[in-house]
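With numbering that gives the first Met the number 0 applied, the first sequence covers 0 to 495. Heads up, the thing below is written out as structure tokens.
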Amino acid sequence: MPSSGAIRTRYAPSPTGPQHIGGIRSALFAWLYARRHGGQFILRIEDTDRKRSVPGSVEMILAAFDWLGLDIDEGPHIGGPYAPYTQSERLELYRAAAERLVESGCAYKCFATAEELAEMRKAGGGYDRRYRDMPAAEAANLEARGQPYVIRFKMPLTGATVGEDMIRGEIRFENNKLQDAVLLKSDGYPTYHLAHIVDDHHMRISHITRAVEWLPSFPLHIQLWEALGWAKPQFAHLPVLLNPNGKGKLSKRKMKFADAAGQRVPVLVHEFSEAGYLPAAVINFLTNIGWNYGDNEEIFSVAQAIERFDLQAVNPANSAYPIAKLDWLNSQYIQRAPVAELCRLLRPILEASGYAVDAERLNRVAPLLQVRLKSLNDVVAMAGFFFADYESFQAPPADILIQRKMDGAGTAEVLRGAIPELERLDDFSHEAQHAAMLDYAKASGYRNGQVFGSLRAAVSGQKVSPPTFETMEILGKDESLRRIKLALASLADAGR
RNA sequence: GGCCCCUUCGUCUAGCGGCCUAGGAUGCCACCCUUUCAAGGUGGAGACACGGGUUCGAGUCCCGUAGGGGCUACCA
């Protein structure tokens with residue numbers, strides 16, 4: 000059992016499908032705070048809206064945490080001292096709390112029908128509290144007749160509720176602007192408002208972290224904690240991620256395909272792995288939005304973040320989703336990854352594209368790719384040809400072959416002249432090739448870059464490729480020369 | 001409409017009254033290096049939303065305006 004002073008944070012998602020990166024960022028902040036203070040991080044499933052529950056969601060949530068390397072101390076999958084961790088299994092607790100509030104006069108049964116509610120809405124304001132002061136006998140009578148009801152909280156009609164937020168400080172709400180919120184629905188399920196308080200209390204949560212959209216109901220929650228007579232935890236309302244253009248909350252629907260440049264932007268956690276991002280890069284990326292490691296250090300590990308993380312230092316402002324920075328960070332992480340690790344990550348991607356991956360070859364190719372990959376997935380386009388059947392190689396079209404400041408005739412001349420020079424080499428190492436091509440370039444009257452660039456395109460078929468001579472070394476002399484000749488043919492076909 | 005939150009380069013941010021002629025990163029541009037790509041190096045353009053206060057002094061504190069975001073469900 001944790002001592003009363005233990006730091007305990009939680010992530011409490013609704014099981015409504017794939018995990019959204021915004022939710023995960025909130026979870027990450029809660030997780031970092033718990034780890035920073037040697038506390039516990041709890042996962043709780045808030046499935047009190049039966050209509051919105053999607054089967055398989057819990058597995059997706061767990062997979063997201065697993066991929067990112069965020070460990071969970073207590074949760075529905077592993078249990079814990081305050082189990083169960085799924086709200087639909089804790090209904091009695093909520094019912095008891097609601098009844099206690101009714102008995103103490105802090106809540107009441109409301110028999111308003113859907114039609115009544117609709118009329119009130121049409122009339123302007125919200126619920127007009129028409130059942131708030133109904134005599135107990137009358138209410139008992141309605142109940143006895145089987146009239147369905149909800150339990151509503153009796154919000155104070157006067158005064159103000161002041162909340163303390165770790166990020167923003169004091170926030171003041173006038174009570175007369177607030178409503179009598181539903182605590183227990185007519186199906187016996189609690190609303191979020193009641194359920195999270197009951198659970199956070201029983202689970203000894205010390206810090207409630209949640210997105211800013213919960214700020215408007217903060218006063219309701221404060222009043223509820225007090226009505227229940229429980230000691231309040233600390234609160235931190237986290238800023239949220241906005242769409243890349245800064246307009247509106249980052250949304251699933253809109254973002255799956257859109258950004259300013261019309262490029263696809265990952266929003267769901269599984270899309271990040273699918274897009275070839277490294278989990279460590281994603282964590283670094285997320286941690287740097289709304290919080291920063293400090294002193295101009297952009298790249299840092301989770302362990303480093305844990306050392307310094309503080310909820311009070313979180314920036315209160317929402318942020319546009321700076322997705323371009325993730326590409327840069329990801330390339331940095333790829334550059335720094337050990338070759339063995341990179342191979343391990345690249346292999347399944349190549350295999351998924353249908354390539355048979357030879358371990359030794361991958362080992363030679365991977366280091367050549369490190370400074371060139373933005374995404375792990377780039378390996379397919381950039382280096383797939385190393386693993387393909389050589390027979391299937393297609394000579395690139397002229398526009399790929401002809402480099403900047405070159406024309407078709409010049410390219411053909413350069414390639415044609417290089418053939419005998421390469422053919423002559425007994426040692427086909429990239430060093431030997433380099434030396435030979437340097438001499439050749441000088442003699443040919445073309446610049447090094449013009450010669451090397453033409454060769455790059457000829458043997459790789461690409462404008463961006465691994466280093467040319469290493470590529471040729473791996474392909475071997477015969478295959479390299481074959482490709483140069485194919486390139487010449489391609490140029491001839493194009494009439495250059 | 002009402003209520004709440006927010007506001008520094010395009011974007012992510014540093015700044016918690018003098019250290020700011022506002023720093024870093026990304027993106028963009030230029031140059032250098034180079035196996036004309038990529039990476040790397042150097043440099044450049046680029047911001048305190050506006051208006052009032054408070055103060056010897058405000059990006060930093062207060063008020064207002066504007067803009068942005070959110071809530072306003074028997075959803076969370």
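Each residue gets a CB set at the ideal place from its N, CA and C atoms; glycine is no exception.
Checklist line | Length-filtered (3 minimum) beta strand (DSSP E) runs lying within the region 9-48 | finding: 39-42
Check: By DSSP, does residue 161 sit in helix, in strand, or in coil?
Finding: To locate residue 161, count along the first sequence from 1; it is residue 162. Strand.
Notebook entry, point to check: Taking the runs of the alpha helix (DSSP H) that are 4 residues or longer, which of them lie wholly in the region 463-493?
Noted result: 467-474, 476-492
Next item on the list: Kindly confirm or deny that the region 94-113 and the region 298-313 touch, where touching means at least three C-beta pairs closer than 8 Å.
Entry: no
Check: beta strand (DSSP E) containing residue 410: first to last residue?
Finding: The residue labelled residue 410 in the question sits at position 411 within the first sequence. Unbroken run through residue 410 is the alpha helix (DSSP H), 407-422; no beta strand (DSSP E).
Next item on the list: Measure the alpha-carbon distance for residue 477 versus residue 454 and round it to whole angstroms.
Entry: Stepping through the first sequence from its first residue, residue 477 is reached at position 478. Stepping through the first sequence from its first residue, residue 454 is reached at position 455. Their Cα atoms are separated by approximately 14 Å.
Note to self: Taking the alpha-carbon of residue 192 as reference, which of 32, 151, 203 has the nearest alpha-carbon?
What the structure shows: Counting from one through the first sequence, the residue named residue 192 turns up at place 193. That would be 151, whose Cα lies nearest to the Cα of residue 192.
Notebook entry, point to check: Whose CA, out of 165, 183, 218, lies closest to the CA of residue 157?
Noted result: The residue labelled residue 157 in the question sits at position 158 within the first sequence. Considering only alpha carbons, the answer is 218.
Item checked: Extent of the continuous alpha helix (DSSP H) to which residue 93 belongs -> What you label residue 93 is simply residue 94 of the first sequence in a count that begins at 1. 90-102 is the extent of the alpha helix (DSSP H) around residue 93.
Notebook entry, point to check: Is it the case that the Cβ atoms of residue 235 and residue 325 are separated by a distance below 7 Å?
Noted result: Here residue 235 refers to the residue found at position 236 when the first sequence is read from its first residue. Here residue 325 refers to the residue found at position 326 when the first sequence is read from its first residue. Not a contact, by the Cβ cut-off of 7 Å.
Check: Roughly how many angstroms lie between the CA atoms of residue 33 and residue 8, to the nearest whole one?
Finding: Translated into positions along the first sequence, residue 33 becomes position 34. Translated into positions along the first sequence, residue 8 becomes position 9. If I take the Cα positions, the gap works out to 6 Å.
Margin query: Given this structure, state the Cα-to-Cα distance separating residue 490 from residue 386, to the nearest angstrom.
Written below: Within the first sequence, residue 490 is the residue found at index 491, counting from 1. Within the first sequence, residue 386 is the residue found at index 387, counting from 1. Approximately 25 Å between the Cα atoms of the pair.
Check: From residue 323 to residue 43, what distance separates their C-alpha atoms?
Finding: For this step, residue 323 is matched to residue 324 along the first sequence. For this step, residue 43 is matched to residue 44 along the first sequence. Distance between the alpha carbons of residue 323 and residue 43 is about 32 Å.
Notebook entry, point to check: Three or more beta-carbon pairs under 8 Å between the region 377-394 and the region 421-436, yes or no?
Noted result: no
Checklist line | Paired residues, beta bridge with residue 189 - DSSP | finding: Position 190 of the first sequence, counting from 1, holds the residue named residue 189. Answer by DSSP bridge pairing, in chain order: 183.
Notebook entry, point to check: Under a three-way DSSP split, which group does residue 209 fall into?
Noted result: By 1-based counting over the first sequence, the position of residue 209 is 210. Looking at residue 209 - three-state DSSP - the assignment turns out to be strand.
Check: Given a threshold of 16 other Cβ atoms within 10 Å of its Cβ, counted over all protein chains shown, does residue 108 qualify as buried or as exposed?
Finding: Position 109 of the first sequence, counted from the start, is the residue given in the question as residue 108. The residue in question, residue 108, is buried, as its Cβ has 16 or more Cβ neighbours within 10 Å.
Notebook entry, point to check: Would you report the Cα separation of residue 0 and residue 205, rounded to the nearest angstrom?
Noted result: Locating residue 0 in the first sequence gives position 1, counting from the first residue. Locating residue 205 in the first sequence gives position 206, counting from the first residue. Below a pLDDT of 50, predicted positions are generally treated as unreliable, and residue 0, at 39, falls in that range; the measurement from the model is reported next regardless. Looking at the two C-alpha atoms, the distance is approximately 14 Å.
Checklist line | C-alpha distance - residue 341 paired with residue 365, whole-angstrom precision | finding: As a working mapping, residue 341 is identified with position 342 in the first sequence. As a working mapping, residue 365 is identified with position 366 in the first sequence. For residue 341 and residue 365, the distance between alpha carbons rounds to 7 Å.
Notebook entry, point to check: Which runs of the alpha helix (DSSP H), 4 residues or longer, sit entirely within the region 256-318?
Noted result: DSSP runs (the alpha helix (DSSP H)) wholly in the region 256-318: 268-273, 278-286, 301-307.
Note to self: Using a Cβ-Cβ cutoff of less than 7 Å, which residues in the same chain neighbour residue 480 once the five nearest sequence positions on both sides are dropped?
What the structure shows: Along the first sequence, read from residue 1 onward, the residue named residue 480 stands at position 481. Hits under 7 Å: 418, 421, 422.
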